[in-house]
Amino acid sequence: MKLVKECRNIKLTLAYDGTGYSGFQRQLNTKMTIQEKLEEALGRLTKKEITLHGAGRTDAGVHALGQVVNFRTSASIPVERWPYALRGLLPPEIVVYKAEEVPKEFHARYTAVAKTYIYRIWSARWPSVFHQRYTLFYPGELQEDPIRETLEILKGTHDFRAFAAQGSAVRNTVRTISALVWEEKGDERVLTVRADGFLYHMVRNIVGTLLWVGEGRLTPEQVQAAMVAGQRKDLGPTAPPMGLCLKEVEYPPNHAKG
21 MKLVKECRNI
31 KLTLAYDGTG
41 YSGFQRQLNT
51 KMTIQEKLEE
61 ALGRLTKKEI
71 TLHGAGRTDA
81 GVHALGQVVN
91 FRTSASIPVE
101 RWPYALRGLL
111 PPEIVVYKAE
121 EVPKEFHARY
131 TAVAKTYIYR
141 IWSARWPSVF
151 HQRYTLFYPG
161 ELQEDPIRET
171 LEILKGTHDF
181 RAFAAQGSAV
191 RNTVRTISAL
201 VWEEKGDERV
211 LTVRADGFLY
221 HMVRNIVGTL
231 LWVGEGRLTP
241 EQVQAAMVAG
251 QRKDLGPTAP
261 PMGLCLKEVE
271 YPPNHAKG
């Protein structure tokens, strides 16, 4: 009788520069997605077709420091060797730096309990050639106090439908933001957002709104009223993708296979 190899569930943590890519998720009209490149590399390594599950579907031009994926395989490659084996098969802008074997029920998206995004803004007088791929160039003065007041309004559990992309089909738009921090680092402004989940374009819409608040085009009170009314049109624009980065995906402490 032929023995069937046990199927393992492998979790990978990776970073990527999303410039030039059409987002994380595989698409029919392009091969320039992170998922496509990673699945191709895994297929070459295992000699089998691999289907990935990603923690977050980052948009075109969005980056990641801590994206997480999982896949099932019967390959016997030691778990600690996966990052090294993939290094020569992936383009240089995609790096897998951690691999773990996890229980069969683990799912990169549905097992996650929190995600953290950062958005970086370059607010100097002139653009920086060393930052332009990863920051939004936004010169001019921003009023910090109204921005920080708005952050306090957004923290906690709310219906964030006013910050979702128009036409989004998601039914439940309630999310909990547990951390929302605005930092000044020289010529750079960094927004860090940690939540139990995010709506499509939610972080970029928050950033666009905060920039309008900082310019005096919106008040914190107007932001609160728009959020209560669920009116996307009364808030700021969607910020461009290059400043956004998926920093970390968190899971229950017992998710690793022991």
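The sequence shown maps to residues 21 to 278 in this note's numbering.
By construction, the Cβ of each residue, glycine as well, lies at the ideal position given by its N, Cα and C atoms.
Proximity of residue i and residue j at Cβ, strictly below 9 Å
i	j	result
Val89	Ala128	yes
Thr193	Gly250	yes
Arg140	Glu69	no
Gly263	Leu156	yes
Phe126	Arg77	no
Leu32	Gln55	no
Leu231	Tyr137	no
Arg181	Gly217	no
Tyr104	Leu34	no
Leu110	Leu58	yes
Own chain residues within Cβ distance below 6 Å of residue i, not counting five before or after
i	result
His221	Ala185 and Thr258
Arg46	Thr53, Gln55 and Glu56
Glu169	Pro240
Leu238	Trp232
Glu203	Val210
Paired residues, beta bridge with residue i - DSSP
i	result
Thr50	Gln47
Phe218	Its beta-bridge partners do not exist; DSSP assigns none.
Phe157	Trp142
Ile30	Phe91 and Glu121
Gly176	Ile197
Ala84	Tyr36 and Leu266
Gly74	Val89
Ala134	Glu270
Glu69	For Glu69, which the question treats as bridged, DSSP gives no partner whatsoever.
Val115	Ala35
Residue i, DSSP secondary structure in three states
i	result
Ile226	helix
Ala2	Residue numbering for the chain in the displayed model covers 21 to 278; residue 2 lies beyond these limits and cannot be assessed.
Tyr36	strand
Arg168	helix
Asp254	helix
Tyr139	strand
Arg209	strand
Leu338	Because residue 338 is not part of the residues shown, which for the chain are 21 to 278, the question remains open.
Val190	coil
Close Cβ partners of residue i (< 8 Å) along its chain, the five nearest in sequence each way excluded
i	result
Phe183	Leu219, His221, Met222, Asn225, Ile226, Thr229, Met247, Arg252 and Leu255
Arg191	none
Trp146	Pro159
Thr39	Gly81, His83, Glu113, Arg153 and Met262
Ile30	Asn90, Phe91, Arg92, Thr93, Val99, Trp102, Ala119, Glu120, Glu121 and Val122
Asn274	none
Identity of the residue in the options nearest residue i by Cα
i	options	result
Ala215	Ser198, Val122, Pro166 and Leu266	Ser198
Tyr41	Pro112, Ala84 and Ala80	Ala80
Leu85	Pro98, Val269, Asn274 and His275	Val269
Leu162	Val233, Val243, Asn274 and Gln87	Val233
Tyr36	Gln244, Leu110 and Val115	Val115
Val201	Ile167, Pro260 and Pro111	Ile167
Gly108	His151, Leu62, Tyr130 and Gln87	Leu62
Gly236	Glu164, Tyr104, Leu65 and Phe150	Glu164
Gly74	Thr50, Lys135 and Leu65	Lys135
Thr66	Lys51, Ser96 and Leu171	Ser96
Beta-carbon contacts of residue i that lie in its chain and below 7 Å, excluding the five residues immediately before and after
i	result
Leu23	Below a pLDDT of 50, predicted positions are generally treated as unreliable, and Leu23, at 46, falls in that range; the measurement from the model is reported next regardless. None.
Ser148	Trp142
Residue i beta carbon near the ligand COA (any heavy atom closer than 8 Å)
i	result
Ala61	Absence of the ligand COA from the depicted structure is noted, as is the absence of any ligand whatsoever, leaving it without description.
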